[in-house]
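Chemist: Sequence order for the protein chains is W and D. Counting from 1, one number per residue, gives the positions in the first sequence under my numbering. Counting from 1001, one number per residue, gives the positions in the second sequence under my numbering.
There are 2 protein chains.
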Amino acid sequence: MGLSGERLARAGAELADEVGFDQVTVSALARRFGVQVASLYSHVRNSDDLKVRIATVALTELADQAAAAVAGRAGRDALVALGDVYRSYATTHPGRYTASRYAPPTSVLGAEFVAAGKRHSELMRAVLRGYDLDEPAATDAVRLLGSVFHGYVTLELSGSFSYSEPSSGASWPRILDAIDSLLRTWPERHSS
Amino acid sequence: MGLSGERLARAGAELADEVGFDQVTVSALARRFGVQVASLYSHVRNSDDLKVRIATVALTELADQAAAAVAGRAGRDALVALGDVYRSYATTHPGRYTASRYAPPTSVLGAEFVAAGKRHSELMRAVLRGYDLDEPAATDAVRLLGSVFHGYVTLELSGSFSYSEPSSGASWPRILDAIDSLLRTWPERHSS
DNA sequence: TCATTTGCCTAAAGGTTTTAGGTTTTTGCA
DNA sequence: TGCAAAAACCTAAAACCTTTAGGCAAATGA
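1) Return the Cβ separation of L176 of chain W and V80 of chain W in integer angstroms, given the expectation that the two are a contact with Cβ distance under 8 Å.
2) Spell out a yes or no on whether the region 144-159 of chain W and the region 1146-1154 of chain D are touching, meaning 3 or more CB-CB pairs, one atom from each, closer than 8 Å.
3) Along the chain, where does the alpha helix (DSSP H) that runs through Q65 of chain W open and close?
4) Applying the 10 Å Cβ sphere with the 16-neighbour rule, what's the burial state of T92 of chain W?
5) Quick one: Cα of A38 of chain W to Cα of D17 of chain W, how far?
6) What separation, rounded to the nearest whole angstrom, lies between the Cα atoms of L1029 of chain D and A1103 of chain D?
7) Could you give the first and the last residue of the continuous alpha helix (DSSP H) run that contains R127 of chain W?
8) Does the beta carbon of I175 of chain W sit closer than 9 Å to a beta carbon anywhere in chain D?
9) Please go through the same chain and pick out, in chain order, the residues whose beta-carbon is closer than 7 Å to the beta-carbon of A1055 of chain D, but skip the five residues on each side of it.
10) According to the neighbour-count rule (16 or more other Cβ atoms, all chains shown, within 10 Å of its Cβ), is S1168 of chain D buried or exposed?
11) Name, please, each residue of chain D whose Cβ falls closer than 9 Å to the Cβ of G146 of chain W.
12) Can you tell me the Cα-Cα spacing of L1040 of chain D and L1003 of chain D, whole angstroms?
13) Give the interface partners of G1166 of chain D over in chain W, defined as CB-CB distance under 8 Å, in chain order.
14) If we ignore side chains and look at the alpha-carbon of each, how far apart do R1199 of chain D and G34 of chain W end up?
15) Let me know the secondary structure DSSP gives Y97 of chain W once reduced to three states.
16) Could you work out which residues of chain W lie near P1187 of chain D, taking near to mean beta carbons separated by less than 9 Å?
17) Short of 6 Å in beta carbon distance, which residues of its chain neighbour F21 of chain W, apart from the five on each side in sequence? Order them along the chain.
18) Under 9 Å, Cβ to Cβ, is there at least one residue of chain D near R101 of chain W?
19) Any beta carbon from chain D within less than 9 Å of S171 of chain W's own beta carbon?
20) Indicate whether at least one CB of chain D lies closer than 9 Å to the CB of D22 of chain W.
21) Where do the N-terminal and C-terminal ends of the alpha helix (DSSP H) with H150 of chain W fall, by residue?
22) Looking only at C-alpha atoms, which of D:L1155, D:A1078, D:P1136 sits nearest to P166 of chain W?
23) Short of 7 Å in beta carbon distance, which residues of its chain neighbour A178 of chain W, apart from the five on each side in sequence? Order them along the chain.
24) Count the other C-beta atoms from every protein chain shown that fall within 10 angstroms of the C-beta of R1143 of chain D, then say buried if there are 16 or more, exposed otherwise.
25) Give the single residue among W:D77, W:L123, W:R129 whose Cα lies nearest to the Cα of D64 of chain W.
26) Assuming contact is defined by CB atoms lying nearer than 9 Å, are D1049 of chain D and A1069 of chain D in contact in what I supplied?
27) Measure the Cβ-Cβ separation of L1133 of chain D and A1126 of chain D and say whether it is below 9 Å.
28) Whole angstroms are fine: how far does the CA of R174 of chain W sit from the CA of L1082 of chain D?
29) Just to confirm before moving on: does the CB-CB distance between T1060 of chain D and A1116 of chain D stay below 9 Å?
30) Using a Cβ cut-off of 8 Å, pull out every chain W residue sitting near R1143 of chain D, in sequence order please.
31) Give the DSSP-derived three-state secondary structure of G1252 of chain D in the structure shown.
32) Looking at chain D, is there any beta carbon in it that lies within less than 9 Å of the beta carbon of V127 of chain W?
33) Where S1158 of chain D and T1025 of chain D are concerned, what is the direct C-alpha to C-alpha distance, given to the nearest angstrom?
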């Protein structure tokens, strides 16, 4: 049948997009391959291992798309391109996006997952090159960017923005504008 | 034994803080009460119903704390107070905080949950009274605020900020400063 | 007093996780 | 070519979670 850890992770990612990440189960995956459940345990340590593998696939894929979007752009263009990648990835692959935020409870992170995470923060730092920020403001700004992107996308996905006008799609570019404007005039350290 | 939906929700919230929201299970809760599992099904429709009840408890509790923090404050003070409530709630009650973001997949939301959600957005809107924003900027700003608060707190909780200096606690006040500054100078509509 | 409701129980069916051990096929090497 | 070892998948079984069905006993209230 040609199963492997890699193959299971990719199939699991597809399954996550179809039924939701928390519905992804070793059993469901075995069913999809028309194979006995126990067979998967040769390729995957346990259920959590499977989830971490899916998370790694998703985080890496997202980093690839982010890198492609940021390449050759700077300043506001780069900021918008990066933000749009996160948002559209979450929209087209909700299960994968949820997976990408799955940090194993046992704090036993794979090196590959950590590396993908590092790529993300480096891409944000690259975007910030178009603005004039020194340390520690640059780190603060990376964290702000991550928070806004992740927060907006998560809230939108969970339907939190569906109760008010205008559509969540309309706020997004204006929020990116606001962040761009903020980065261009990052405030000095407030006394007290 | 004096069980009830209310009581189970509160006990479930405590359990969530101890073992994590996704480890909260009807069985575990029954064990905690020293009672047979099936007994809980008189008070709770099913496992998802239990989770929604816990989510409602958490979202309401958080709204209460937020309201208390914002009362009597305006402008930057109110902004910082509100943000700090979210962050400290998530720190001291990680399970409850996670629960508060649990929207039932079946899109069958309880009225109480929706009401608590509305209180949150109204509190943010109240904070924005200290700044000079008209529609639709006010709605955009509410969404930005929600994104930053939720995003930062989530990323911090999941350990995403633990890989770089300075500590995540140091970035937080500077980010609130930045948001305050942004709200005071919210940009005009960018011409494409 | 007695019928009803309430609250918890036993029993049982079905699903997921994980381990243990078996069989068959593939692979690599002498 | 022939064979030993590894790889891939299987059956069996134990443990736990979810949910439904039906029972008993105590509290309630007319």
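Yeah, the Cβ is synthetic: ideal placement off N, Cα and C, and Gly gets one too.
Modeler: So, to answer that:
1) Contact holds; Cβ gap of about 5 Å.
2) Between the region 144-159 of chain W and the region 1146-1154 of chain D, the count of C-beta pairs closer than 8 Å reaches three or more; the two stretches touch.
3) Per DSSP, Q65 of chain W belongs to the alpha helix (DSSP H) from 47-70.
4) Around the C-beta of T92 of chain W, fewer than 16 other C-beta atoms lie within 10 Å, and the residue is accordingly described as exposed.
5) Near 24 Å, if we compare the C-alpha coordinates of D17 of chain W and A38 of chain W.
6) The alpha-carbon atoms of L1029 of chain D and A1103 of chain D are separated by roughly 21 Å.
7) Checking the displayed sequence, the identity of residue 127 of chain W turns out to be Val instead of Arg. Its alpha helix (DSSP H) spans residues 111-128.
8) So yes, I175 of chain W belongs to the interface.
9) Once the five neighbours on either side are set aside, the close Cβ partners of A1055 of chain D are A1099, S1100, Y1102, F1113.
10) Answer is buried; the Cβ neighbour count reaches 16.
11) Within 9 Å Cβ-Cβ: G1151, Y1152, L1155, S1160, F1161.
12) Taking the straight line joining both Cα atoms gives about 8 Å.
13) The displayed chain sequence assigns Pro, not Gly, to residue 1166 of chain D. Contact note: P1166 of chain D reaches chain W through P136, T139, using a C-beta cutoff of 8 Å and chain order.
14) Outside the modelled stretch of chain D, which goes from 1001 to 1192, sits residue 1199 of chain D, for which no answer is possible.
15) In the structure shown, Y97 of chain W adopts helical secondary structure according to DSSP, grouped into three states.
16) Within 9 Å Cβ-Cβ: R174, D177, A178, D180, S181, L182.
17) For F21 of chain W, where only same-chain residues beyond five positions count, the Cβ hits under 6 Å are G95, T98, A99.
18) Yes, contact with chain D.
19) S171 of chain W counts as touching chain D.
20) With 9 Å as the cut-off, D22 of chain W counts as an interface residue toward chain D.
21) Per DSSP, the continuous alpha helix (DSSP H) segment holding H150 of chain W begins and ends at 137-157.
22) Nearest neighbour of P166 of chain W by Cα position, chosen from D:L1155, D:A1078, D:P1136, turns out to be D:P1136.
23) Taking A178 of chain W as the centre and dropping the five residues before and after it, the same chain places no C-beta closer than 7 Å to its C-beta.
24) Counting Cβ neighbours within 10 Å, R1143 of chain D comes out buried, since at least 16 surround it.
25) Minimum Cα distance to D64 of chain W is reached at W:L123.
26) One thing to note: D1049 of chain D has its Cβ no nearer than 9 Å to the Cβ of A1069 of chain D.
27) Between L1133 of chain D and A1126 of chain D, the C-beta spacing is not below 9 Å.
28) Cα-Cα distance, rounded: 23 Å.
29) Yes, the pair counts as a contact, with Cβ atoms nearer than the cut-off.
30) Taking a Cβ-Cβ cut-off of 8 Å, the neighbours of R1143 of chain D in chain W comprise Y152, L155, F161, S168, S171, I175, given in sequence order.
31) With chain D covering only 1001 through 1192, there is no way to say anything about residue 1252 of chain D.
32) So no, V127 of chain W is outside the interface.
33) The straight-line gap from Cα to Cα measures roughly 22 Å.
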